[in-house]
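Accompanying notes for the structure given below.
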Amino acid sequence: MSADGSITLPFADGEHRFRLAIGQLRELQEAVNLPRARAGTASVGPAQILAGLGSGEWWVDDLRETIRLGLIGGGATPARALILTTRYVDVRPPRESIPLARGILLAALIGVPEDPAGGKPLAGETATEGTAASSSPASTATAQP
């Protein structure tokens with residue numbers, strides 16, 4: 001698993017690193033809950049935002065702020081993150097941003113498996129799992145027509 005919850009994904013003008021550490025997750029909660037408080041709806045945390053993105057029960061700021069704060073957590077300056085978000089999120093249909101926002105939140109909350117092609121085992125696996133031969137003896141039965 002990615003040790004820090006970061007993930008590199010295609011966005012805007014290329015590939016960008018995204019990360020929501022605890023500080024960004026707290027800021028995300030504050031940013032998305034202010035409009036909800038004004039509307040008299042319940043506050044949400046990162047897991048509820050993720051669930052809402054999957055169920056279709058999301059607010060525009062859930063998408064926008066997840067992406068903007070993910071860029072900042074991934075190393076972009078706040079100014080650059082704002083420019084990218086304004087240029088590539090604000091002017092596009094919101095549904096286009098759902099897969100990106102979900103990927104960022106999943107990486108932050110669950111982690112990112114290592115690439116199997118990279119030779120590193122996935123979490124919970126050993127290097128030989130999936131490649132070891134069976135310990136059972138080979139069958140000697142012949143095929144019947």
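For the sequence shown, counting from 1, position 76 maps to 76 in the UniProt record's numbering; every step adds exactly one.
Just so it is clear, CB atoms sit at the ideal spot from N, CA and C, and this is done for glycine as well.
* Work out the CA separation of arginine 92 and arginine 102 for me, nearest whole Å. => Cα-Cα distance, rounded: 17 Å.
* Asked: Between serine 43 and the rest of its own chain, which residues show a CB-CB distance below 8 Å, the 5 nearest in sequence each way excluded?
  -> Cβ within range, chain order: Gln29, Asn33, Arg36 and Ala37.
* Assign valine 60 to buried or exposed, taking buried as 16 or more other Cβ atoms, counted over all protein chains shown, within 10 Å of its Cβ. => Valine 60 counts as exposed, since fewer than 16 other beta carbons sit within 10 angstroms of its beta carbon.
* Contact the region 21 to 28 vs the region 52 to 59: 3+ CB pairs below 8 Å -> These segments do not touch.
* Asked: Start and end of the alpha helix (DSSP H) containing proline 46?
  -> Annotation for proline 46: the continuous alpha helix (DSSP H) segment containing it runs 46 to 55.
* Taking only runs of the alpha helix (DSSP H) that begin and end inside the region 6 to 84, which ones reach a length of at least 4 residues, in chain order? -> Correct list: 22 to 39, 46 to 55 and 60 to 73.
* Residues in its own chain within less than 7 Å of serine 55 by CB, not counting five upstream and five downstream? -> Taken in chain order, the list of residues that qualify is empty.
* **leucine 63 beta carbon less than 7 Å from that of serine 97** => One thing to note: serine 97 has its Cβ within 7 Å of the Cβ of leucine 63.
* To do: Would you kindly report the start and end of the unbroken alpha helix (DSSP H) that includes proline 93?
  => That residue, proline 93, is in no alpha helix (DSSP H); it is neither H nor E in DSSP.
* Rounded separation between alanine 79 and arginine 68 - CA only -> Spanning the two alpha carbons is a distance of roughly 10 Å.
* To do: Select from Asp4, Glu65 and Gly5 the residue whose C-alpha is nearest the C-alpha of aspartate 94.
  => Per the sequence shown, residue 94 should be read as proline rather than aspartate. Here the closest residue by C-alpha is Glu65.
* Asked: Relative to the alpha-carbon of glycine 74, which residue among Leu20, Arg87 and Gln48 has its alpha-carbon at the smallest distance?
  -> Comparing C-alpha distances from glycine 74 to each of Leu20, Arg87 and Gln48 shows the shortest one belongs to Leu20.
* Asked: Along the chain, where does the alpha helix (DSSP H) that runs through alanine 101 open and close?
  -> Segment 98 to 109, the alpha helix (DSSP H) holding alanine 101.
* To do: Give the single residue among Asp90, Ala39, Thr41 and Leu50 whose Cα lies nearest to the Cα of residue 222.
  => One cannot answer for residue 222 here, as it falls past the ends of the chain, which runs 1 to 145.
* In angstroms, rounded to a whole number, what distance separates the CA positions of alanine 108 and glycine 5? -> The straight-line gap from Cα to Cα measures roughly 5 Å.
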